[in-house]
Amino acid sequence: MRILVFRPKSAAERTAARLAVLGHEAVLAPATRIVPLDTPRPEGPFAAIVVGSANSFVIVADDAIRDIPVIAVGERTAEVARARGFTDVESADGDRIAMAALARRRFPAGGRALVLQGRDHKADTMALLADAGLTPVSWIVYAAAPVESLTSEAVEALRMERIGAVLHYSRRSAEVALALVDRTGLGRPFFAARQVCLSLDVAEPLRRAGARHIVVATAPREEALFAALDEA
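Right, dumping it as structure tokens:
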């Protein structure tokens, strides 16, 4: 199956390699690009660092934070944390609720947690961590800036009606993808393909836009997203 992948470039390339192993052909269509933000780090000390996206590791793990325990939303984010030099990293099961539950088990009530976030972060993350007993402190470290146009490969594949499914990993990316498709006038072939989404939240903009062929992964992990392709 030829699959349109809406992810930032480096992540999309990893996804394409995994899809090729499964016998699929990926057409890369980054909807956003990750832009580091030069925001000052909040003052410590911190008992924990909480990270909901691997994109947050545009930061440098300097001596002031490298040894602070990290709670990552999922294993991919945990892998990137270790690669960036963090020494004590634990992975939750792929979503914000699991991340908050792990933080509750791991850290004493009242501990301050430095929460690495993007500009367009989920509004409930801080509340979930507070409910888990932590004192969360937000640090906005990146923005997911929209790209200006679809890749030429994506445009050609849509025009030739060669796309069987579209992969969506974030709500923000799905919203930008819809705008890009509308701008190019390729809504008909885009909506004819199955829209395969990482979560119900990711799927919501597509539902509102009138997409009828939506499949949602059973868990917010890429393995589950790939499994959902079988339903497409």
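In the working numbering, the protein residues as written are 3 to 234. Built from N, CA and C at the ideal position, the CB exists for glycine as well. This structure is a prediction, so every number in the text was calculated from the model and none was measured.
Just to confirm, is the Cβ distance from residue i to residue j under 8 angstroms?
| i | j | result |
| --- | --- | --- |
| residue 56 | residue 175 | no |
| residue 29 | residue 53 | no |
| residue 141 | residue 68 | no |
| residue 173 | residue 203 | yes |
| residue 82 | residue 114 | no |
| residue 208 | residue 219 | no |
| residue 122 | residue 146 | yes |
| residue 230 | residue 198 | yes |
| residue 20 | residue 73 | no |
State yes or no: is the beta carbon of residue i nearer than 8 angstroms to at least one beta carbon in chain D?
| i | result |
| --- | --- |
| residue 197 | In summary, chain D is missing from the structure at hand, where a single protein chain is found. |
Given residue i, which residues of its chain have a CB within under 7 angstroms of its CB, disregarding the five upstream and five downstream residues?
| i | result |
| --- | --- |
| residue 186 | 152 and 157 |
| residue 148 | 33, 34 and 178 |
| residue 130 | 98, 99 and 102 |
| residue 160 | 188, 191 and 192 |
| residue 233 | 217 |
Have a look at the options and flag the residue whose alpha-carbon is nearest the alpha-carbon of residue i.
| i | options | result |
| --- | --- | --- |
| residue 64 | 86, 181 and 233 | 86 |
| residue 133 | 116, 106 and 122 | 106 |
| residue 35 | 51, 82, 150 and 162 | 150 |
| residue 124 | 17, 99, 155 and 15 | 99 |
| residue 166 | 184, 182, 196 and 181 | 196 |
| residue 49 | 184, 137 and 88 | 137 |
| residue 154 | 169, 182, 170 and 135 | 182 |
| residue 4 | 24, 12 and 16 | 24 |
Near residue i, which residues of its chain fall below 8 angstroms by C-beta distance, leaving aside the five closest residues on each side in sequence?
| i | result |
| --- | --- |
| residue 143 | 38, 39, 41, 58, 60, 61, 118, 119 and 120 |
Here's the rule I'm using: 16 or more other beta-carbon atoms within 10 Å means buried, otherwise exposed. How should residue i be labelled?
| i | result |
| --- | --- |
| residue 102 | buried |
| residue 93 | buried |
| residue 128 | buried |
| residue 27 | exposed |
| residue 17 | buried |
Name the DSSP bridge partner or partners of residue i?
| i | result |
| --- | --- |
| residue 114 | 137 |
| residue 84 | DSSP output for residue 84 lists no bridge partner at all. |
| residue 38 | 144 |
| residue 8 | 170 |
| residue 217 | 198 |
Leaving out the 5 sequence neighbours to the left and right, which residues in its chain are closer than 6 angstroms to residue i when beta-carbon positions are compared?
| i | result |
| --- | --- |
| residue 31 | 6, 8, 152, 153 and 156 |
| residue 171 | 9 and 200 |
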